[in-house]
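Asks: Here it is, the structure, as structure tokens.
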Amino acid sequence: MKSRVLLVEDDNSLNFVLKDALQHADYSIDSFFDGQSALDDFKPQYYHVAIIDVMLPILDGFNLAKQLKQIDKDLPIIFLTARSAEEDKINGFKIGADDYLTKPFSVKELLARLNVIINRSGRQTQDKIGAFIFSEETLTLSKDELEIKLTQREAALLKYFCQHKNQLLKREEILKAVWGDDDYFMGRSLDVFISKIRKYLEADKSVSIKNHHGVGFKLTCD
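Counted the way UniProt numbering counts, the sequence shown spans residues 1 to 222.
Below, the structure written as structure tokens:
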């Protein structure tokens with residue numbers, strides 16, 4: 001699964017350059033241009049790291065980071081800023097920043113630091129499936145006030161679909177990945193589990209597991 005990065009940078013050109021570089025480095029990116037928009041869309045335990053510019057409109061980077069930490073206390077944060085004053089850096093670290101880069105900086109250096117932070121944190125994150133949040137760690141699938149407790153097998157199957165969203169998966173590869181075997185009886189078991197997961201996901205009409213007859217299945221979602 002790709003590591004997910006929250007990028008908040010109000011400079012259009014820099015936002016584009018960083019998003020492009022991170023995507024080419026195989027990260028999944030959600031980018032915003034102001035602090036309030038990032039806060040409004042934030043999902044706890046979803047991102048592996050946040051990259052936040054300090055000088056943001058509407059809600060500045062320091063206050064955004066404080067509020068994100070209240071929601072998700074273990075979220076790693078890298079601050080980007082044109083401010084090189086020692087007091088600003090100390091303030092950033094007091095808030096809970098893991099790193100601090102002063103502009104202009106090398107994109108290669110940012111990627112190197114990002115990789116170190118993600119590897120060091122060993123952070124367990126959640127997957128977003130349409131309006132649902134799926135946590136393999138807690139075996140839960142939740143949407144608003146609805147929380148569904150999953151079995152180990154259901155969670156393993158859903159995790160495999162999440163790793164291959166909007167991709168057609170052959171029955172045999174699903175069985176080998178989740179069950180470790182692709183015999184007839186395991187195949188019947190797969191059908192039963194997919195039927196259960198479909199019922200769980202019915203609350204969001206934008207999400208579906210489609211059966212491609214004679215081939216396999218595809219999890220379709222935003």
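Cβ atoms here follow ideal geometry from the backbone N, Cα and C, with glycine treated the same way.
Predicted model only: the values in this text are computed from it and were never measured.
Any beta-carbon of chain D closer than 7 Å to the one on C221?
Replies: No chain D appears in this structure, which consists of one protein chain only.
Asks: What's the C-alpha gap between D34 and L56?
Replies: 6 Å
Asks: For S135, which residues in the same chain have their Cβ closer than 6 Å to its Cβ, ignoring the five residues on either side in sequence?
Replies: Q126
Asks: Is it true that the CB of G216 sits closer than 7 Å to the CB of L157?
Replies: no
Asks: Between which two residues does the alpha helix (DSSP H) holding L157 run?
Replies: 152 to 163
Asks: Between the segment 42 to 52 and the segment 65 to 82, can you find at least three pairs of beta-carbon atoms closer than 8 Å?
Replies: yes
Asks: What is the C-beta distance between R83 and V54, in whole angstroms, given that I count them as a contact (C-beta under 8 Å)?
Replies: 6 Å
Asks: Buried or exposed for T151, going by 16 or more other Cβ atoms inside 10 Å?
Replies: exposed
Asks: Do K210 and K218 have their C-beta atoms within less than 7 Å of each other?
Replies: yes
Asks: On a CA-only basis, which of L39, I51, D10, Y100 is nearest I29? Give me that one, please.
Replies: Closest option to I29, Cα to Cα, is I51.
Asks: How far does the beta strand (DSSP E) with I77 in it extend, from its first residue to its last?
Replies: Per DSSP, I77 belongs to the beta strand (DSSP E) from 77 to 81.
Asks: Need the endpoints of the beta strand (DSSP E) that K149 sits in, please.
Replies: 146 to 149
Asks: Using 10 angstroms around the beta-carbon of D178, count the other beta-carbons present and answer buried if the total reaches 16, otherwise exposed.
Replies: First, the amino acid is wrong: residue 178 is Val here, not Asp. V178 is buried by the Cβ-count criterion.
Asks: So, at 6 Å on beta carbons, what are the nonlocal neighbours of F32 in its own chain, with the 5 sequence-adjacent residues on each side left out?
Replies: V8, A38
Asks: Can you tell me whether G61 is helix, strand or coil according to DSSP?
Replies: Helix at G61.
Asks: My understanding is that G130 touches D222, with C-beta atoms under 8 Å, so please give their C-beta distance in whole angstroms.
Replies: 6 Å
Asks: Nearest-angstrom Cα distance between V17 and L110?
Replies: 12 Å
Asks: Should I77 and D98 be called a contact, given that it needs their Cβ atoms to be closer than 7 Å?
Replies: yes
Asks: Run through the DSSP bridge pairs and tell me what F134 is partnered with.
Replies: D127, L141
Asks: Could you round the C-beta distance between F132 and K149 to whole angstroms and report it? I think they count as a contact, below 8 Å.
Replies: At roughly 14 Å, the Cβ-Cβ gap does not stay under 8 Å, so F132 and K149 are not in contact.
Asks: Using only alpha-carbon positions, find the residue among K2, L14, N12 that is nearest to Y27.
Replies: K2
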